[in-house]
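Residue numbers (our numbering): 957 to 1594. For reference, the structure is listed below as structure tokens.
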């Protein structure tokens, strides 16, 4: 840790004098602050920020924009939340809050004491606000991002006078390849400053990095490194991920510092370039749990433990496909149809070929799309999901293509880039593409052909580069024949069509259940009672994976602490009743006229039951309101 980070804070009188001199003359003595804060104050001045007086304001995400940011950063936020909750427990009732921000300084999540949160809200210290130095000047979140290092900003060390009531401590969080993901921060009343907060935040940031690393490389070969054997398994250890052919494919910050690596080294160096080890030695060590000493060229010793990669060195002589430790591999739990879909998706992973995912509602199409994204070279860029059936037809165009300021009544003052531009460099996932209105199909086709988008209200076309994945539970060929879907767009979307199997046809249901239970209750060994497991196996699961997960989540919530088996009493009454009934014999196939009549009766009955409330009717039918409107037009219902 740099000694400057441990130094005592600048005395208030000296700080006031340093501020006066800087704002009067532009000069700042090099010893007035820590070097990081000196650089930050100069950057803040160069941004043209006024330290006092009326605050011009900074960008603040709308609730929809914040929801999209949380969606893009789902894995990051999911691993950070438990650590933040632990931090909050340690700092509760100290007039403070724990904050998570992304790499651009936007606050994603916060936990805090109610009284202090109210005060913090007055300076926009809340999710959705940007605390980049460009907008807020010197502050712990923005300065940690700019410096790429932990930082403390106390009281009037903040560039903006309005933030002087705060004391803030932040540490950057890197992804498993060493690239900045975001920042963890503890902010509180300046009177409660404590120098130990820095160590607490740094340790918590490392825990999050460990969790992200172990998740990303769970199925691969991992090396844990430390100068002392007792340090292995602690937050002070270095972490390396190595491919089967010996390339470094992941490293945490500690390992990079130990071995003199940079983020650019990941994927560009073999392990033998940095440690006197070959893949055969690792293969042998991976079959045990002992720690091994490795002497480096400079004479220093590193202790090392190898995990994962159990099959290294025991493969047949004939060439075989390399093992892949990624999100797609984690979806393979033994079902042949899913294995085939995963294998085909992998062959086009980083090729300019669109994917069309087909299957019933709830089979995991978005989960599959996210796994494709996280397994591709675009994994660190945005994954932007749009449900074409959930957005009103009047809003979906603006949502997708963006709009200029004043493009329509109610438009945001600064306009909006649109979901397509937000996906630049990453993956655009269009769910329920079969429900996209015809006019928008034409615009989307033009974007796919020209690789640029024009926002509503006009303006210069903006170039876009994204991987396209679409999903639908509809038969698009039938929609084409009925004139509801453009044939030319269909062939643009359908570079590779993959059919995901419904749960009732999958042969890996037991593995899926076990995996969901581990996710829901990671600290407990929970299983289904034998009679419940048998009932699960013969159930048709019309809601597929979504229904199964909801059922298990409910059951886990109803388990007592001493129970480790899910029985009938842990299931909701309606599911238990369905499970106890044997599957009925399939009904004879009705002709098209009968099906249309049955559909009309069902829709009409639900609308009448809901007294004409179409939103409630759509919810009960399990479809979007737009789909219900379309169905009513098709059936000529009023």
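Where a beta carbon is used, it is the ideal one built from N, C-alpha and C, also for glycine. Bear in mind the structure is a predicted one, so any value in this text is a computation, not a measurement.
Pairwise C-alpha distance: residue j and residue i
i: residue 1640; j: residue 1382; result: Beyond the ends of the chain as shown, which are 957 and 1594, falls residue 1640; an answer cannot be given.
i: residue 1070; j: residue 1530; result: 40 Å
i: residue 1258; j: residue 1140; result: 29 Å
i: residue 1024; j: residue 1476; result: 24 Å
i: residue 1123; j: residue 1153; result: 10 Å
i: residue 993; j: residue 1341; result: 39 Å
i: residue 1235; j: residue 1040; result: 38 Å
i: residue 1585; j: residue 1210; result: 57 Å
i: residue 1277; j: residue 1020; result: Since pLDDT at residue 1277 reaches only 38, below the 50 mark, its modelled position is unreliable, and the value read off the structure follows with that caveat. Rounded to whole angstroms, residue 1277 to residue 1020 spans 42 Å at the Cα level.
i: residue 1158; j: residue 1241; result: 31 Å
i: residue 1248; j: residue 1227; result: 16 Å
i: residue 1375; j: residue 1151; result: 43 Å
i: residue 1089; j: residue 1031; result: 26 Å
i: residue 1275; j: residue 1176; result: Unreliable placement is indicated for residue 1275, whose pLDDT of 33 sits below 50; the coordinate value is still reported in the next sentence. Looking at the two C-alpha atoms, the distance is approximately 19 Å.
i: residue 1297; j: residue 1143; result: 47 Å
i: residue 1300; j: residue 1315; result: 16 Å
i: residue 1408; j: residue 1417; result: 6 Å
i: residue 1219; j: residue 1196; result: 12 Å
i: residue 1480; j: residue 1310; result: 41 Å
i: residue 988; j: residue 1110; result: 14 Å
i: residue 1543; j: residue 1496; result: Here the model assigns residue 1543 a pLDDT of 41, short of 50, so the residue's position is not dependable and the matter cannot be decided.
Beta-carbon gap between residue i and residue j smaller than 8 Å
i: residue 1469; j: residue 1524; result: no
i: residue 1305; j: residue 1331; result: yes
i: residue 1335; j: residue 1112; result: no
i: residue 1214; j: residue 1134; result: no
i: residue 1526; j: residue 1535; result: no
i: residue 1411; j: residue 1358; result: yes
i: residue 1317; j: residue 1429; result: yes
i: residue 1051; j: residue 1072; result: yes
i: residue 1179; j: residue 1132; result: no
i: residue 1444; j: residue 1483; result: no
i: residue 1396; j: residue 1434; result: no
i: residue 984; j: residue 997; result: yes
i: residue 1188; j: residue 1043; result: no
i: residue 1036; j: residue 1164; result: yes
i: residue 1108; j: residue 1120; result: no
i: residue 1128; j: residue 1100; result: yes
Beta bridge counterpart(s) of residue i as assigned by DSSP
i: residue 1129; result: 1138
i: residue 1055; result: 1066, 1141
i: residue 1186; result: None, per the DSSP bridge assignment.
i: residue 1484; result: 1522
i: residue 1194; result: 1181
i: residue 1172; result: Answer is none; residue 1172 lacks a bridge partner.
i: residue 1455; result: 1314
i: residue 1086; result: 1062
i: residue 1409; result: 1418
i: residue 1110; result: 1123
i: residue 1200; result: None, per the DSSP bridge assignment.
i: residue 1384; result: 1340, 1424
i: residue 1241; result: Its beta-bridge partners do not exist; DSSP assigns none.
i: residue 1034; result: BP columns for residue 1034 are empty, so no partner.
Proximity test, Cβ basis, 8 Å: residue i and chain C
i: residue 1117; result: Within the model displayed, chain C is absent; a lone protein chain is all it includes.
Expected contact under 8 Å - CB spacing of residue i and residue j to nearest Å
i: residue 1319; j: residue 1431; result: Going by Cβ atoms, the distance from residue 1319 to residue 1431 rounds to 15 Å, so no, they are not a contact pair.
i: residue 965; j: residue 1014; result: Actually they are not in contact, since the Cβ atoms of residue 965 and residue 1014 sit about 26 Å apart, beyond 8 Å.
i: residue 1347; j: residue 1324; result: With a Cβ gap of about 22 Å, residue 1347 and residue 1324 do not count as contacting.
i: residue 1084; j: residue 1056; result: Incorrect: roughly 12 Å between the Cβ atoms, too far for contact.
i: residue 1230; j: residue 1205; result: That pair is no contact at about 13 Å.
Selection from the options that minimises the alpha carbon distance to residue i
i: residue 1202; options: 1211, 1232, 1174; result: 1232
i: residue 1216; options: 1161, 1194, 1465, 1345; result: 1194
i: residue 1017; options: 1061, 1220, 1168; result: 1061
i: residue 1117; options: 1103, 1569, 1146; result: 1146
i: residue 1026; options: 1066, 1434, 1456, 1015; result: 1066
i: residue 1494; options: 1460, 1511, 1099; result: 1460
i: residue 1508; options: 1537, 1465, 1518; result: 1465
i: residue 1345; options: 1131, 1498, 1388; result: 1388
i: residue 1199; options: 1218, 1191, 1082, 1174; result: 1174
i: residue 1399; options: 1355, 1054, 1206; result: 1355
i: residue 1329; options: 1255, 1302, 1351; result: 1302
i: residue 1183; options: 1252, 1245, 1161, 1045; result: 1252
i: residue 1284; options: 1326, 1219, 1256, 1121; result: 1326
i: residue 1587; options: 1104, 1504, 1440; result: 1440
i: residue 1478; options: 1563, 970, 1512, 1568; result: 1512
i: residue 1448; options: 1462, 1423, 1457; result: 1423
i: residue 1380; options: 995, 1207, 1028, 1095; result: 1028
i: residue 1245; options: 1255, 1264, 1256, 1254; result: 1264
i: residue 1049; options: 1148, 974, 970; result: 1148
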